[in-house]
Amino acid sequence: MHLYLPVALTSVNSLITIGIGLIVGILTGLFGVGGGWLITPLLMMLGISPTVSVATGTNMMVGSATSGAYAHHKLGNVDLKMGWCLLGGSFFGGFIGAEALNILNILGNADFVIKVTYVLLLGIVGIYMLSETLSKLKRKKMAVEHVEKESGLAVFLKNLPLQTYFEKSGISHSLLVPILLGVVVGILAGIMGVGGGFLMIPVMVYMLRMPLHVVIGTSLFIILFTSIEVTFLQAYTNHSVDFILAVLLLMGSTIGTQIGVVFGRKLKGEHLKLFLAFILLLVAVQMTLQLVLRPSILLGGN
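Quick note: to get the working numbering, add 11 to the position in the sequence shown (first position is 1).
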């Protein structure tokens with residue numbers, strides 16, 4: 012069954028579109044990441060313009076993030092206190108990043124440099140997460156106990172003011188730490204023009220030392236609010252959100268997110284990290300192809 016999209020000015024197969032939403036929803040519920048990196052190229056392959064693909068995909072994330080965050084909240088996997096700190100910092104950092112991007116564009120064409128930086132960042136984090144997780148699994152298999160020494164940085168962070176215990180995560184940090192880390196992620200996301208999900212998760216796992224299941228739930232909580240902000244801006248300034256397309260995607264993603272949450276409960280933290288590392292590397296490869304191949308080749312053209 013084909014439906015006409017009034018904003019995208021094209022027709023799409025409704026079952027295929029719902030299927031795309033289902034796949035993205037499963038990944039969202041499983042890993043707590045936004046699906047923009049996947050849904051944008053898939054919608055473009057259906058003949059939808061990049062502007063409408065990005066805006067409508069973000070609109071879909073509002074629904075799937077709400078579904079996923081609610082499911083994880085019922086399981087006790089959302090650290091609201093940590094989420095608000097990171098979210099507040101990332102909103103502030105996003106404004107700084109957007110202004111920095113304007114300055115870079117005035118100085119010259121910064122698009123290529125920004126994309127290369129993002130690819131390198133994802134690649135480094137993905138490789139580190141993969142090697143660290145494989146090493147941990149190997150130690151467990153060999154029953155070797157690994158005692159981590161407290162670094163100088165850890166001692167410094169413990170001496171910062173406003174020390175607070177985050178009950179859901181079972182960790183203590185100064186309130187300044189998640190707020191400042193949120194600012195940094197917001198700046199990077201603003202400059203690179205991408206959602207901060209892929210940047211925020213490594214920060215929560217390796218810098219804040221949060222349990223991975225709590226990281227996933229808290230990430231969805233953050234994505235919910237950032238998606239609302241971006242959707243509103245896109246709809247108000249560019250009028251590029253196709254709500255019929257968004258409804259089709261939501262029909263699949265809402266169900267898919269719940270499936271992802273159920274699968275996530277059955278997987279151990281190390282296995283989730285392993286899969287997440289592969290996802291990060293997959294995104295890095297996808298963006299590398301966008302840099303080196305012509306758009307027509309990526310979309311199946313000649």
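Built from N, CA and C at the ideal position, the CB exists for glycine as well.
Residue state for residue 18 is assigned as coil, using DSSP reduced to three classes.
In the three-state reduction of the DSSP assignment, residue 127 falls in the helix class, which pools H, G and I. Per DSSP, the beta-bridge partners of residue 174 are 185. The beta-carbon separation of residue 73 and residue 242, rounded to 6 Å, stays under the 8 Å limit for a contact. The shortest CA-to-CA distance from residue 64 to any of 250, 282 and 290 is the one to 250. By the beta-carbon neighbour count (other beta carbons within 10 angstroms, threshold 16), residue 176 is exposed.
Three or more beta-carbon pairs separated by less than 8 Å link the stretch 70-89 to the stretch 31-40, which places the two stretches in contact. If you look at residue 63, you'll find it in the alpha helix (DSSP H) that goes 61-85. No beta strand (DSSP E) of 3 residues or more sits fully in the stretch 208-269.
The C-beta distance from residue 179 to residue 90 rounds to 4 Å, short enough to meet the 8 Å contact threshold.
Following the DSSP letters along the chain, one finds residue 35 inside the alpha helix (DSSP H) bounded by residues 25-42. Look at the beta carbons and you see the stretch 223-232 touching the stretch 85-104: at least three pairs across the two are nearer than 8 Å. Across the structure, residue 99 and residue 106 are spaced so that their CA atoms are roughly 12 Å apart. Only exposed fits residue 289, as fewer than 16 other CB atoms lie within 10 angstroms of its CB. Residue pairing by DSSP leaves residue 282 without any beta bridge partner.
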